[in-house]
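Residue numbers (this note's numbering), protein chains in the order written: chain A, 1 to 115; chain B, 1 to 114.
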């Protein structure tokens with residue numbers, strides 16, 4: 001069965017500094033990996049995904065993520081954080097090997113960007 | 001198209017009552033998903049449909065929970081004999097046919113069981 005771990009409940013960063021939100025996964029087949037963001041009282045919004053190809057994927061709002069197969073990680077990054085990036089971030093995985101279409105989410109990491 | 005819509009946005013009910021939530025997915029999306037989210041946690045998968053067929057159900061979905069998508073368009077999630085532990089945000093999402101497709105979420109239906 002697939003699983004996702006987000007080891008940090010909260011990440012604090014100063015505005016203008018780079019940010020990293022960590023994610024590791026476990027699947028039996030090839031992973032499809034996603035990042036979503038949730039603002040207060042709003043639904044989850046898709047940020048970016050890795051399916052195949054280049055290990056560095058770029059997404060919305062200047063975010064990017066790096067797929068590392070050997071470390072089974074898919075960390076979210078941004079070169080320069082904005083206060084408006086403060087939100088709850090979820091890593092998610094779908095296991096291509098199971099043949100199903102169930103997406104499993106991590107517990108989330110709250111990002112706090114201080115001005 | 002305005003995205004995935006869910007109704008009602010908030011529901012307060014007494015323990016033992018039945019509640020029903022509705023989800024209208026993006027019109028061209030043939031896959032529809034239900035998740036449950038409690039405070040401080042990530043969304044937990046409940047069930048998903050491809051067109052009108054319910055293809056997978058989580059063990060979290062007890063016999064009191066039932067979901068339908070009768071015509072392959074909107075879906076309903078019914079909870080019978082609600083318990084306080086059912087209090088949560090119920091999220092609906094839809095996606096296009098492709099395996100690699102990301103999910104598009106509605107804003108959720110918040111259930112409070114007193």
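Glycine included, each C-beta is placed from N, C-alpha and C at the ideal position.
In this text, all values refer to a predicted model and were calculated from it rather than measured experimentally.
Exclusion of the five residues before and after residue 62(A) leaves 78 as the residues of its chain whose Cβ lies within less than 6 Å of its Cβ.
For a Cβ distance threshold of 8 Å, residue set 41, 42 and 43 of chain A lies close to residue 107(B), ordered along the chain.
The beta carbon of residue 7(B) sits closer than 6 Å to the beta carbons of 22 from its chain, once the five residues preceding and following it are set aside; these are given in chain order. Nearest CB-CB separation between residue 102(B) and chain A: below the 8 Å threshold. In this structure, the beta-carbon distance from residue 45(B) to residue 104(A) falls below 8 Å.
Going by DSSP, residue 56(B) is part of the beta strand (DSSP E) stretching over 53-57. Taking a C-beta cut-off of 9 Å against chain B, the contacting residues of the stretch 12-37 of chain A are 32, 34 and 36, listed in chain order. Of all residues in the stretch 40-51 of chain B, only 41, 42, 43, 45 and 48 place a beta-carbon less than 7 Å from a beta-carbon of chain A. In this structure, residue 91(B) lies near residue 35(B), with their beta-carbon atoms less than 8 Å apart.
Proximity of residue 107(A) to chain B, defined by a Cβ-Cβ separation below 8 Å, is satisfied.
Judged by pairs of C-beta atoms under 8 Å, the stretch 56-70 of chain B does not touch the stretch 49-65 of chain A, as fewer than three such pairs exist.
Under the Cβ criterion of 8 Å, residue 31(B) is counted among the residues facing chain A.
Taking a 10 Å sphere around the C-beta of residue 49(A), we find 16 or more other C-beta atoms and assign the residue as buried. Residue 45(A) is a Cβ neighbour of residue 37(A), given a cutoff of 8 Å. Taking CB atoms only, residue 56(B) has a neighbour in chain A less than 8 Å away.
Cα atoms of residue 34(A) and residue 79(B): separation of roughly 30 Å, rounded to the nearest angstrom. According to the DSSP assignment, residue 104(A) belongs to the beta strand (DSSP E) that extends over 103-105.
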